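K.L.:
The structure that follows is given in the form of structure tokens.
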Amino acid sequence: MVPVIKVYEMDYSFIIKNYLNPKLWSKVWTLFDYDDYVITLNMNLIDTIDSVIQFRIKLKNKYSGKEIDGTVSYSINHDRIDMLIKKINGTIFRLIGYYEQIYSICYVDGYANLLEQEDIENEKLYRIANEFLDSEGVTNDDIREAYINSYINNNSQFDVLLRNFKEQHVYHLLTDLYIVFLQSIKDEEKLEIVKRKLEDYELKRVMDRISEYQTYVESEQFEEDMKDNLESI
Numbered sequence: 014m015v016p017v018i019k020v021y022e023m024d025y026s027f028i029i030k031n032y033l034n035p036k037l038w039s040k041v042w043t044l045f046d047y048d049d050y051v052i053t054l055n056m057n058l059i060d061t062i063d064s065v066i067q068f069r070i071k072l073k074n075k076y077s078g079k080e081i082d083g084t085v086s087y088s089i090n091h092d093r094i095d096m097l098i099k100k101i102n103g104t105i106f107r108l109i110g111y112y113e114q115i116y117s118i119c120y121v122d123g124y125a126n127l128l129e130q131e132d133i134e135n136e137k138l139y140r141i142a143n144e145f146l147d148s149e150g151v152t153n154d155d156i157r158e159a160y161i162n163s164y165i166n167n168n169s170q171f172d173v174l175l176r177n178f179k180e181q182h183v184y185h186l187l188t189d190l191y192i193v194f195l196q197s198i199k200d201e202e203k204l205e206i207v208k209r210k211l212e213d214y215e216l217k218r219v220m221d222r223i224s225e226y227q228t229y230v231e232s233e234q235f236e237e238d239m240k241d242n243l244e245s246i
């Protein structure tokens, strides 16, 4: 069955004109509903000094309950409704990206292994630095902690590989949601960005690099090289 797309027309002018009505304060409006996902909006706070209304936008998976949200501010004295709509649409687009990178990425083949390998690398770097400090007779806990943290941050590579891995999956995990939403708001510019990214797919190169580095971390050469990177106290 093809997922039903529900896009709801919002009367933002009505909300802005009646924002002091308490009945609207607890109201939650559905903006977009597609497949497993629903996007809602509600008034989050009213700043009476600066005359600003803050809206909260939430993207939620209806079945897993996982959600992510963001806020958009509307200046009663300076903004226009079309500006508010543009802000809201931009925030929704970003929320889809955040959801993809925080939740959807967890189910991708290789992601869990990558996190495990990052832990292994950090443990090895920690041990190398810790043994070095022991040999140097450093006993001050603050100095040891600062040195070890700096050493790991300067020599760890898996965080870079993890970013590259995530970058290669941008727009690939929630492709339908991106495209259907952008089509619903008629944003051709962002649609082209998504389509170009889908065509420019270099995951194999990234995975090959990860595999090579994983083998390197497991080798004796890794420890020898990392010991060369130890800085004197």
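Take 14 as the starting number for the sequence shown in my numbering and just add one per residue. C-beta atoms are modelled at their ideal positions from N, C-alpha and C, and glycine is treated no differently. Predicted, not measured: the structure shown is a model, and the values here were computed from it.
1) I need the DSSP call for M220, collapsed to helix, strand or coil.
2) Which value, in whole angstroms, describes the spacing of the CA atoms of D172 and N135?
3) When you compare only the Cα positions, how much space is there between K71 and E144?
4) Can you name, in chain order, every residue of its own chain whose Cβ lies under 6 angstroms from the Cβ of N55, other than the five neighbours on each side?
5) Kindly provide the ranges of any alpha helix (DSSP H) runs that are 4 or more residues long and lie completely inside the stretch 98 to 181, ordered along the chain.
6) Going by alpha carbons, who is nearest to L9 out of I98, F106 and N57?
7) Counting only the same chain and skipping the five closest in sequence on each side, list residues whose C-beta sits under 7 angstroms from that of R176.
8) Please report the distance separating the alpha-carbon of Q181 from that of S169.
9) Give me the residue from T84, I66 and S88 with the minimum Cα distance to L37.
10) Under the three-state reduction of DSSP, which class applies to Y229: helix, strand or coil?
11) Is it true that the CB of V85 sits closer than 9 angstroms to the CB of I101?
P.N.:
Quick look at the numbers:
1) Three-state DSSP puts M220 in a helix.
2) 10 angstroms
3) Pairing K71 with E144, the inter-Cα distance amounts to about 48 angstroms.
4) Closer than 6 angstroms at the Cβ level, and outside the excluded window around N55, lie V41 and R69.
5) 124 to 148, 154 to 168 and 171 to 181
6) This structure does not reach residue 9, given that the chain is present from 14 up to 246, and the question cannot be answered.
7) So the list is empty, once near-sequence residues are dropped.
8) 20 angstroms
9) I66
10) helix
11) The Cβ-Cβ distance between I101 and V85 falls below 9 angstroms.
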